[in-house]
Amino acid sequence: MTVAHEDPGRAALHLARAASFAPSPHNSQPWFFVEEGHDQGFEVHADTKRRMPLTDPNGREMVIACGAALLNVRIAVRRLGFQPVVDILPEPAEQGFLARVGFGAHVAATVEEELLARTVRQRHTHRGPFGPEAVPEGLLSDLRDQARAEGATLQVLDGSEKVRLLARLVNSAERADRVDLWRAEELAHRVGPDGVPVEVCRAHPDLTLLAGRDYLGLSRRRTVPEHSRGAGTGIVAVLCTPYDHRADWLLAGQALQRVLLYAAGHGVMAGFHTQPLERPHLREELRREVTAGRHPQMVLRLGRPPQIRSTRRRPVSEVLTRGPVPFRQ
Ligand SMILES: Cc1cc2nc3c(=O)[nH]c(=O)nc-3n(C[C@H](O)[C@H](O)[C@H](O)COP(=O)(O)O)c2cc1C
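Heads up: the sequence shown is residues 2 to 330, going by the numbering used here.
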């Protein structure tokens, strides 16, 4: 006898909710999920219609965001007490089909996995200066291990010379973005209740050593003198991968999210400064001069935020479908 199920399975809902809390470029949420059978498997797809065409022409950042969502799915499966069985890029002809996750052996989640699962909802992006409390060296070492466990490298920039060099690349990309009318318009479209809410980007973007995105055009109204920039920059780091293909972007997203969740579990949040990675010549310079030839995937600052602000997600009914997939690209 076959039983017809109209509603998604409980596990699929749990996984889709967890996946949706992942970070994405300007909260574009470029993903959708498919429940296979009734809680038999779970697919992660890129929703290429939500890619930002000017800043992300080849979809690298879109896939990183989906990789972060995939890590959340893996952690959510662990919380249910199963080992996730992950098949990466299962249908090579379908570029947007990024991963299939099945339910493997029943094994209780570890203490560390429980910690990561609890922080899925607590992690948020921070913009502007961090508070004065330092990030301990022991935690940085753990964060490097978290990235390494996924096959990526978290390069923490400890010398001020490398930080200055990276800041020059970020600030140069950000200056170019601010006078590029098309890119500025693409960014402005992402501001609002369905993208990056106005409340989370009220800090002036030029207060720290690495310029932030000027979501609200604040730099046109007030400039911050060079000598008063820098306090609260926090720890500067670059997440890199040995290669730079689609599978590496997916790997980078999982490593990123694992680092972010572990950090959030210890009261540390991240701010992102990916502007130079969106301009090929600056990304190449960064790779040569800062990351010793490894491919830079994310530029981030880490620190303890003075306040935490959350950003809304689309309802799960908009991102979860049941097979067969109605809108595969
Ligand atoms: C690939 C990628 C690039 C991002 N680049 C930036 C950035 O340059 N500036 C920024 O403020 N946030 C950046 N973000 C963070 C998103 O804006 C943030 O994840 C999204 O608004 C959702 O908010 P939340 O992380 O607080 O949940 C980036 C996120 C990803 C995954």
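Note that CB positions come from ideal geometry on N, CA and C, so glycine has one too.
Rounded to the nearest angstrom, what separates residue i and residue j at their Cα positions?
{"i": "S25", "j": "R259", "result": "15 Å"}
{"i": "N28", "j": "Q276", "result": "16 Å"}
{"i": "R80", "j": "L99", "result": "22 Å"}
{"i": "A69", "j": "A264", "result": "14 Å"}
{"i": "L140", "j": "H127", "result": "18 Å"}
{"i": "A248", "j": "A232", "result": "37 Å"}
{"i": "A5", "j": "P93", "result": "Annotation note: pLDDT 49 at A5 (below 50); position unreliable, no value reported."}
{"i": "P198", "j": "S311", "result": "9 Å"}
{"i": "E319", "j": "L155", "result": "33 Å"}
{"i": "N172", "j": "D207", "result": "9 Å"}
{"i": "Q298", "j": "L167", "result": "14 Å"}
{"i": "V269", "j": "L257", "result": "14 Å"}
{"i": "Q243", "j": "E285", "result": "Gln is not the amino acid found at residue 243; the sequence shown has Pro there. Approximately 14 Å, taken between the alpha carbons."}
May I ask you to list the residues that DSSP assigns as paired with residue i?
{"i": "E44", "result": "V35 and R101"}
{"i": "V86", "result": "G103"}
{"i": "V192", "result": "V197"}
Terminal residues of the continuous beta strand (DSSP E) containing residue i?
{"i": "Q156", "result": "T154 to V157"}
{"i": "G196", "result": "Counting along the chain, G196 falls outside any beta strand (DSSP E), and DSSP gives it neither H nor E."}
{"i": "A271", "result": "M270 to F273"}
{"i": "T242", "result": "I236 to T242"}
{"i": "H296", "result": "H296 to G304"}
{"i": "L321", "result": "L321 to R323"}
In the DSSP assignment, the alpha helix (DSSP H) including residue i goes from what residue to what residue?
{"i": "H15", "result": "R11 to S21"}
{"i": "I76", "result": "R61 to R80"}
{"i": "G282", "result": "The displayed chain sequence assigns His, not Gly, to residue 282. Start and end: P281 to E290."}
{"i": "K50", "result": "Unbroken run through K50: none, as it is neither H nor E."}
{"i": "R310", "result": "Taken as a continuous stretch (DSSP letters only), R310 belongs to no alpha helix (DSSP H), as it is neither H nor E."}
For residue i, which residues from the same chain have a beta carbon less than 8 Å from its beta carbon, with the 5 sequence-adjacent residues on both sides left out?
{"i": "E187", "result": "M53, P54, L55 and T56"}
{"i": "V317", "result": "L14, A17, R18 and S21"}
{"i": "A204", "result": "R128, G129, P130 and G213"}
CB-CB under 7 Å to residue i, same chain, minus the five flanking residues each way: which ones, in chain order?
{"i": "A109", "result": "G82"}
{"i": "A12", "result": "D40 and L81"}
{"i": "R179", "result": "A185, D215 and S220"}
{"i": "P194", "result": "R313"}
Once you ignore the five residues that flank residue i on each side, which residues in its own chain have a CB closer than 6 Å to its CB?
{"i": "A174", "result": "Q276, P277, R280 and L283"}
{"i": "I309", "result": "H125"}
**Request:** Please confirm if the segment 59 to 69 is in contact with the segment 159 to 167, defined as three or more CB-CB distances below 8 Å between the two stretches.
**Result:** no
**Asked** Are at least three pairs of beta-carbons, each pair with one atom in the segment 232 to 243 and one in the segment 144 to 157, less than 8 Å apart?
**Response** yes
**Request:** Evaluate the contact criterion for the segment 296 to 315 versus the segment 129 to 136: three or more CB pairs, one atom per stretch, below 8 Å.
**Result:** yes
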